[in-house]
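Count the sequence shown with my numbering and you get residues 2 to 309, in order.
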Amino acid sequence: MVNFSLRQVRYFVTIAEQRSLSKAARCLGLSQSALTNSLSDLETELAHQLVVRSPKGVSLTAEGHKFLVSCHRIIEAVEDAGRTLRRDEPRRGELVIGVTPLLATYLLPSLLSRFAREQPGVSIRLREGRGPLLQQALSEGELDLLLSLQSAGAQMPQDAEPLLNSGWSLWLAPSHPLASRSEVSLDELAHQTLIRVEDEELERAQHKLWAGMPASVTEIRVTNIETARSLVAAGSGIALLPDFAFRPWSVDMQRLVAVPLRESAPALDVRLLKASARDAFWATEAFMALSRPLNMGLQAGNGAMAQR
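The following block contains the structure:
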């Protein structure tokens, strides 16, 4: 009989989200050795390796992805069990959240699902749009919160809440010659067909990455990540995309894998910004607290790099 604790489950989720044992340890307030021991005990108990360690951090194995899905279900079940004992009438209100299309697709749904279970009396009104327009709306008090994607190191307000630091990886079909590699250099992409997603939110960081591409690379340009995912899975090319958007299956259930880059690439920071022009709202604080890295359960089986 497999025996592991809820604490180990939460620790593993944090490791998967942070993609780094040292970062996860800081989030959890633990020493790295204590967290490493907990992970090792968990892998021994499950009789499966859950993560692969590299100089750039950790990535999930296929078994790690499967276990992460179960971990989110376990945490949600425990939270639901606790809520059944609460008899208080839910607090009511409306929360207005600004979000760009990319984050609305890949990060917001899980956050909203969790928030709805925690605060069933709060209505959510979403405002999707371009980043600069949403920034202006936030400053003018039209939004309570803004979910924002920035290149790592970009200047952000002091009260911005960090949610996720996402790197980049190469997405490939499992049959691709580079799919079995532990990491890939940009130089090795010579004569490859790369699928490029023309997305405003990714453009600044993408520009730096594509500037280092070999001249012999050919491109297929698309307008959304799901098209790129399907083309990669079908073997029509490879793609260099953020880890937070990775899922190991296309819409037609063809498998794909992600391999880390050898070069250091500009990371992407996902942050929550709170309106300073609006009166303090308890639901704003509740949403931000739910979204913090320690509690976050963002995606079931995505956002970390899949292995063979």
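No residue lacks a Cβ here, since even glycine has one placed at the ideal position from N, Cα and C.
Do you know offhand how far residue i's Cα is from residue j's?
i: residue 212; j: residue 232; result: 23 Å
i: residue 5; j: residue 247; result: 28 Å
i: residue 200; j: residue 18; result: 24 Å
i: residue 20; j: residue 73; result: 16 Å
i: residue 225; j: residue 71; result: 29 Å
i: residue 223; j: residue 240; result: 11 Å
i: residue 245; j: residue 130; result: 20 Å
i: residue 108; j: residue 147; result: 13 Å
i: residue 249; j: residue 238; result: 16 Å
i: residue 235; j: residue 113; result: 32 Å
i: residue 269; j: residue 210; result: 13 Å
i: residue 242; j: residue 195; result: 11 Å
i: residue 117; j: residue 282; result: 17 Å
i: residue 311; j: residue 77; result: Nothing can be reported for residue 311, as the shown portion of the chain is limited to 2 through 309.
i: residue 1; j: residue 94; result: No information on residue 1 is available, as it lies outside the stretch 2 to 309 that the chain covers here.
i: residue 31; j: residue 79; result: 23 Å
i: residue 3; j: residue 61; result: 20 Å
i: residue 50; j: residue 65; result: 7 Å
i: residue 252; j: residue 228; result: 9 Å
i: residue 91; j: residue 284; result: 12 Å
i: residue 14; j: residue 25; result: 9 Å
i: residue 177; j: residue 230; result: 14 Å
i: residue 132; j: residue 96; result: 19 Å
i: residue 9; j: residue 171; result: 30 Å
i: residue 1; j: residue 221; result: This structure cannot speak to residue 1, because the chain is shown only from 2 to 309.
i: residue 119; j: residue 272; result: 21 Å
i: residue 45; j: residue 149; result: 39 Å
i: residue 68; j: residue 163; result: 25 Å
i: residue 82; j: residue 54; result: 35 Å
i: residue 42; j: residue 254; result: 33 Å
i: residue 27; j: residue 7; result: 19 Å
i: residue 292; j: residue 115; result: 9 Å
Quick one: what's residue i bridged to in DSSP?
i: residue 151; result: 270
i: residue 52; result: 61
i: residue 259; result: 172
i: residue 240; result: 172
i: residue 211; result: In the DSSP output, where bridge partners are listed per residue, residue 211 has none listed.
i: residue 195; result: 220 and 239
i: residue 250; result: 256
i: residue 275; result: 146
Which whole-angstrom value describes the C-beta separation of residue i and residue j, a residue pair presumed to lie in contact below a C-beta threshold of 8 Å?
i: residue 22; j: residue 36; result: 6 Å
i: residue 1; j: residue 161; result: Lying outside 2 to 309, the shown extent of the chain, residue 1 is not represented and no answer is given.
i: residue 52; j: residue 175; result: That pair is no contact at about 20 Å.
i: residue 189; j: residue 173; result: Contact doesn't hold; Cβ gap of about 12 Å is too wide.
i: residue 127; j: residue 276; result: Actually they do not touch by this definition, with Cβ atoms about 15 Å apart.
i: residue 206; j: residue 110; result: Contact doesn't hold; Cβ gap of about 23 Å is too wide.
Going by DSSP, what residue range makes up the beta strand (DSSP E) through residue i?
i: residue 219; result: 219 to 223
i: residue 184; result: First-last for residue 184: undefined, no H or E at that position.
i: residue 94; result: 94 to 100
i: residue 125; result: 123 to 129
i: residue 203; result: Premise fails: residue 203 is in no beta strand (DSSP E) and is neither H nor E.
Between which two residues does the alpha helix (DSSP H) containing residue i stretch?
i: residue 23; result: 22 to 29
i: residue 47; result: 33 to 47
i: residue 190; result: No alpha helix (DSSP H) holds residue 190; DSSP gives it neither H nor E.
i: residue 162; result: Not the alpha helix (DSSP H): residue 162 falls in the beta strand (DSSP E), residues 162 to 167.
i: residue 108; result: Note, residue 108: premise wrong, no alpha helix (DSSP H); not H, not E.
i: residue 288; result: 283 to 292
i: residue 137; result: 132 to 140
i: residue 264; result: Note, residue 264: premise wrong, no alpha helix (DSSP H); not H, not E.
i: residue 231; result: 226 to 234
i: residue 3; result: No alpha helix (DSSP H) holds residue 3; DSSP gives it neither H nor E.
i: residue 120; result: Run containing residue 120: none; DSSP gives neither H nor E here.
i: residue 13; result: 7 to 19
Quick check: does the Cβ of residue i come within less than 7 Å of any heavy atom belonging to the ligand SAH?
i: residue 94; result: The model depicted lacks the ligand SAH and carries no ligand whatsoever.
Any Cβ of chain B within less than 8 Å of the Cβ of residue i?
i: residue 68; result: Of the chains in the structure shown, none is chain B; there is only one protein chain.
Item to complete: Would you check if the segment 115 to 133 and the segment 282 to 292 touch, i.e. whether three or more CB-CB distances between them fall below 8 Å?
Response: yes
Worksheet item: Is the segment 257 to 276 close to the segment 182 to 195, with three or more CB pairs under 8 Å?
Response: yes
Fill in: Contact between the segment 192 to 209 and the segment 94 to 110 (3+ Cβ pairs under 8 Å)
yes
Fill in: contact_flag[the segment 131 to 148, the segment 165 to 175] where n(CB pairs < 8 Å) is 3 or more
no
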